[in-house]
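Trainee: The structure's right below; bear with me while I get my questions together.
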Amino acid sequence: MATAVAAKTKAPARSNANVLKTFQWKGKDRRGKTLTGEESGRSEALVKAQLRKQGISVTSVKSNTPGFFQKSGSRISARDIAVFTRQLATMMRAGVPLVQSFEMIAGGVKNQTMKDMLVKIKIDIEGGTSLSEALNKFPAQFDELFVNLVRAGESAGVLDTVLETVATYKENIETLKGKIKKALFYPAAVMAVAVIVSAILLVYVVPQFEELFKGFGADLPAFTQFIVSCSKFAVDYWFVLLFGAIAAGVGFVTAIKRSRNFARLVDRTLLRVPVIGDILNNSAIARFCRTLAITFRAGVPLVEALDTVGGATGNIIYDEATKKIREDVSVGLQLNLAMRQVNLFPIMVIQMTAIGEESGALDTMLVKAAEFYEQEVNNAVDALSSLLEPMIMVIIGTLVGGMVIGLYLPIFKLAAVV
856 MATAVAAKTK
866 APARSNANVL
876 KTFQWKGKDR
886 RGKTLTGEES
896 GRSEALVKAQ
906 LRKQGISVTS
916 VKSNTPGFFQ
926 KSGSRISARD
936 IAVFTRQLAT
946 MMRAGVPLVQ
956 SFEMIAGGVK
966 NQTMKDMLVK
976 IKIDIEGGTS
986 LSEALNKFPA
996 QFDELFVNLV
1006 RAGESAGVLD
1016 TVLETVATYK
1026 ENIETLKGKI
1036 KKALFYPAAV
1046 MAVAVIVSAI
1056 LLVYVVPQFE
1066 ELFKGFGADL
1076 PAFTQFIVSC
1086 SKFAVDYWFV
1096 LLFGAIAAGV
1106 GFVTAIKRSR
1116 NFARLVDRTL
1126 LRVPVIGDIL
1136 NNSAIARFCR
1146 TLAITFRAGV
1156 PLVEALDTVG
1166 GATGNIIYDE
1176 ATKKIREDVS
1186 VGLQLNLAMR
1196 QVNLFPIMVI
1206 QMTAIGEESG
1216 ALDTMLVKAA
1226 EFYEQEVNNA
1236 VDALSSLLEP
1246 MIMVIIGTLV
1256 GGMVIGLYLP
1266 IFKLAAVV
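Numbering-wise, the numbering used here puts 1185 at position 330 of the sequence shown, and it's gapless, one number per residue.
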């Protein structure tokens, strides 16, 4: 069945845009051919009216509201925004009008939340709102950096070029984030597996051995008695351990979100952890360099560019250092000298920044520095994976092997006596 193309609608009042819904419809065209499709509107009646204007005789219209278990209403991820930016940049580079680009992109999006957002942006643009202003209404998806870059592209008349640059930037940042998540997930997964295996042994295996030990009529070795005591505690108070772990996790996350001092302590501690700290440091430096380069290249003044760079580093220590750098630059200090004062950046980055300032190619030198440290992150993640493989064997072997030995010690002792 053919799918009808949604007609362009005039922008409603902004207060009504917030209740925009998506409807599935069926109908027939003037030749009697059956059509189906999706249309956005504030009510079924308005959708029917829009379709009648296109010469479609509507047979049914129903709201496309996702159910509780449907994934279509899932949140919009940073990866979704990166893909959208690349699609929009490609269409604008090909000469497709902005409104039509949003229609085409929204038509191919499965995430209903993302689709609704794109439709609202399209309606704002049709009503005369600039792209940067329309995007600024969704700060959770389009941060200050994104909006500022788009605004700079609109002012300079090079929106398509800026979008290409932003798309590449988003893709690089998401790739880098993926590397960091991979590096942190691996040790966390190892510890989780070790805890789960230990819990299974304590709750299900050790009690079976305890019944066997009661028939020996002799005192158990100290190590075996310790394991049995741990097993009894786990069986009797498993709910305390479970809820304690959940409460600790929730409390930790809440403290990070609500207390900047606690979040600063966590970030500073992570930066000092062997191997992991190197990865996080290199990642923050790469983000700083790439974000500053992309913002400066778009024509944003250096001081204004530094306003949004700190948050993109993903680390409070570097965010606060960036604010200090901005203060120094705003009173006339060169960027490389301001970076030297915070004692965070390697000498190579400072020297490359100095060369860029002297040669008038600051953005180019910062991009080269970002590429170098992104590669350092890649290498460190690969090295971490190789380093953790023997550590996994040691950790799991120590926990599981220790329990097995402790459980068999009484049997060995009994055999020696016999």
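Backbone N, C-alpha and C fix where the C-beta goes; we use that ideal spot for every residue, glycine too.
Looking at C-alpha atoms only, which residue of E1213, T1023, E1066, A1153 is the closest neighbour of E1226?
Mentor: That would be T1023, whose Cα lies nearest to the Cα of E1226.
Trainee: Mind checking A1031: buried by the 16 CB within 10 Å criterion, or exposed?
Mentor: Residue identity check: residue 1031 is Leu in the sequence provided, not Ala. The residue is buried, with at least 16 neighbouring Cβ atoms inside 10 Å.
Trainee: What are the start and end residues of the alpha helix (DSSP H) that includes A1011?
Mentor: Segment 999-1011, the alpha helix (DSSP H) holding A1011.
Trainee: Give me the Cα-Cα distance between F1068 and P1062, rounded to the nearest whole angstrom.
Mentor: C-alpha separation (whole angstroms): 10 angstroms.
Trainee: Go ahead and pull the three-state DSSP assignment for L890.
Mentor: DSSP places L890 in strand when its eight states are reduced to three.
Trainee: Return the chain-ordered list of same chain residues with a C-beta closer than 7 angstroms to the C-beta of R1123, the five sequence neighbours on each side being excluded.
Mentor: I1172.
Trainee: Using the three-state DSSP reduction, which class does V916 fall into: helix, strand or coil?
Mentor: Looking at V916 - three-state DSSP - the assignment turns out to be strand.
Trainee: Using only the alpha-carbon positions, how far apart do E958 and K977 sit?
Mentor: About 7 angstroms.
Trainee: According to DSSP, which residues form a beta bridge with K881?
Mentor: Beta-bridge pairing links K881 to T891, S915.
Trainee: Looking at T1079: is its Cβ nearer than 9 angstroms to the Cβ of L1242?
Mentor: No, Cβ-Cβ distance for T1079 and L1242 is not below 9 angstroms.
Trainee: According to DSSP, is N966 helix, strand or coil?
Mentor: If DSSP states are grouped into helix, strand and coil, N966 belongs with coil.
Trainee: Please determine whether the Cβ atom of A1103 lies at a distance below 8 angstroms from any heavy atom of the ligand ADP.
Mentor: Absent from the structure shown: the ligand ADP. Ligands present: none.
Trainee: With burial defined as no fewer than 16 other Cβ atoms inside 10 Å of the residue's Cβ, what is the status of A1134: buried or exposed?
Mentor: Checking the sequence, you will find Ile at residue 1134 rather than Ala. So I1134 ends up on the buried side.
Trainee: May I have the straight-line CA-CA distance separating F1081 from A1141, to the nearest angstrom?
Mentor: Cα to Cα, the separation comes out at about 49 angstroms.
Trainee: What residue from A989, N1027, F1267 has the CA that sits closest to V954's CA?
Mentor: Residue A989 is the option with its Cα nearest to V954.
Trainee: When you compare the segment 1012-1019 with the segment 1197-1216, are there three or more beta-carbon pairs, one atom per stretch, that lie closer than 8 angstroms?
Mentor: The answer is no - the segment 1197-1216 does not touch the segment 1012-1019, with fewer than three Cβ pairs under 8 angstroms.
Trainee: Whole angstroms are fine: how far does the CA of V902 sit from the CA of T914?
Mentor: When rounded, the distance between both Cα atoms is 12 angstroms.
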